[in-house]
Amino acid sequence: MTNIVLVRSPHELVAQNFAGYGWEYIDFSSFVTFSNLMEHVTGQGIDTGRRRNQMSRFFHIKEGDIVVVPVHRAIVIGVATGEKGYQHEGGYGSNRVVVNYFTDEQGEAITIPRAKLTQGLESRLKIRMTVISLNEFEEEITTYVDQLLENNKVCFDSLFQQKRDLAVSVFKEQLLSNLRTGATTLKSGGYGLEELIKELMEIEGYTASIAAKNSTSDISDVDIIASRIDPVSNNRVYIQAKHHSGITSDWGIKQLAAIEEDEHIDKWLITTGCVSEDTKEIAKQENISIMEGGALVDWIYSRVNDLLPATKEQLGVGLLPQIIA
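Shown next as C-alpha cells:
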C-alpha cells in the first residue's frame, strides 16, 4: 500500500532531494526494525511521549510512498525512493529519506499554493506535529501527482482566482506589518494582543480569560487561560502572548515551562514576531507549541468575519466589496 506522509522538513533539504526529521543524535537508518529503534531509545532513557507515532511514520516511509513537504504558503510533493540517510548534527533534518520531488525545467521544486488546496487538506497542514499521515486525502493528492506526472504542473482555476489570492496575500502582509509596528489601535503594553487572542479562542469555542499579572512569586507566568469541555474531552490551554516586532526570545517558553500542572495542559507561545531555531528546539523539549506572526495573521484572517466590529476597527480591517481586474 502506498502511504502519503507529510514531513515538516527543513526547506533547504528539498533542493537536495531529501525530507528530513530530527532526533539529532539517533541514526534511524542504522536500525533494521522500528522495535530495535525503540529499544535503543528506551535504553537511553528518552521518553518519546506522543512523538512515537511520528517516529514510526517516518521510519516506515518506503519506496513509492508520496511525501508532502510544507514550504512558505505552499507544499511540494515527491515520491520516496526507499533510500535513507543520516547527517550527524543535522538539526531538524538529521534523519533523512531520499525523495524525487517534482521539478520544473529549471530544476526547482514545483510548489502548489496552500490557497489552492481543499479546506480539509489546508487545515490538516496546520497541525503542529512534524510527521503526519495524509492518507485520508489520497484522492486529492494523487490527482496532483497524476497531473505532475503528465504535464509537470498542476492546473488550477482562473486568472481571477490568482489575482484574488494575491490580494489576500497583500492583505495578510500588511496586517502583519501593522501588528508588528504598532500601526493599529490595539491597547498598548501587549494588553490589546491578549484581548485579541482571547477573542479568537472564544470564537474557536473556548471559555477564555486574561490571567492576573504577577500572580506567582517565581518566573512562571501565563497571559491567557482557555478551556473547552465537551462530552468526550476536557482541554485546557495556557498561552503566553508576545507583541514583538522582531525576534521573540525564549523567555516566554521558560515562563510556561515553569508552570506546575497536575493534569495535561496545552501550552502555547503566540507572538507577532519571529522565533529562532534555538528557541524552537527548547520549546520542543518542553512540549510547548509556538505560533509566529505569519501563522497568527492566518488565524485572524480565517476568523475575520467572526471578530467583533470594534476589534476589526482596532485592526484597521474593513470588509468592503472590491473589483479584481
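Residue numbers for the sequence shown, in this note's numbering: 6 to 330.
Quick reminder that beta carbons are idealized off the backbone N, C-alpha and C, glycines included.
Who are residue i's beta bridge partners in DSSP?
i    : result
A85  : V104
K366 : Outside the shown range of the chain, which is 6 to 330, sits residue 366, and nothing can be said about it.
I4   : Any question about residue 4 goes unanswered here, given that the chain covers just 6 to 330.
Y97  : Paired residue(s): none; Y97 is not in a bridge.
Y91  : N100
T212 : S232
Y26  : N100
T38  : BP columns for T38 are empty, so no partner.
T116 : V81
Measure the Cβ-Cβ separation of residue i and residue j and say whether it is below 8 angstroms.
i    : j    : result
R119 : L18  : no
V12  : V72  : yes
F107 : L153 : yes
V76  : F23  : no
D109 : N41  : no
T148 : G69  : no
Y243 : K272 : yes
G299 : L198 : no
T189 : Q319 : yes
I293 : I258 : yes
Among the options, which has the Cα closest to the Cα of residue i?
i    : options                   : result
G125 : G27, E143, A114 and D223  : E143
L274 : W256, I208, D303 and L11  : W256
K218 : I229, M134 and D151       : I229
G278 : P314, L184, D109 and V242 : L184
A348 : G323, Q245 and T253       : The question about residue 348 has no answer, for the chain in this structure spans 6 to 330.
Q327 : F176, I66 and V37         : F176
L325 : Y30, A172, D283 and D223  : A172
F63  : F33, G194 and G96         : F33
T253 : R169, L261 and T276       : T276
A20  : V74, H45 and V46          : V74
V37  : H65, S14 and Q59          : H65
Compute the Euclidean distance between the alpha carbons of residue i and residue j, then round it to the nearest angstrom.
i    : j    : result
I132 : S281 : 20 angstroms
S163 : E145 : Low local confidence applies: a pLDDT of 44 at S163 is under 50, so the model's placement there is unreliable, with the coordinate-based value given in what follows. Spanning the two alpha carbons is a distance of roughly 19 angstroms.
E286 : W28  : 11 angstroms
L191 : S250 : 15 angstroms
Y196 : V84  : 47 angstroms
T123 : G321 : 29 angstroms
D303 : H248 : 16 angstroms
A216 : I115 : 46 angstroms
D311 : Y30  : 46 angstroms
K289 : I51  : 14 angstroms
R55  : S61  : 11 angstroms
R78  : D226 : 33 angstroms
P236 : G87  : 43 angstroms
G95  : T135 : 16 angstroms
T53  : N105 : 30 angstroms
I82  : I224 : 44 angstroms
Counting only runs of 3+ residues fully inside the region 118-196, write out the beta strand (DSSP E) ranges in chain order.
-> 136-138
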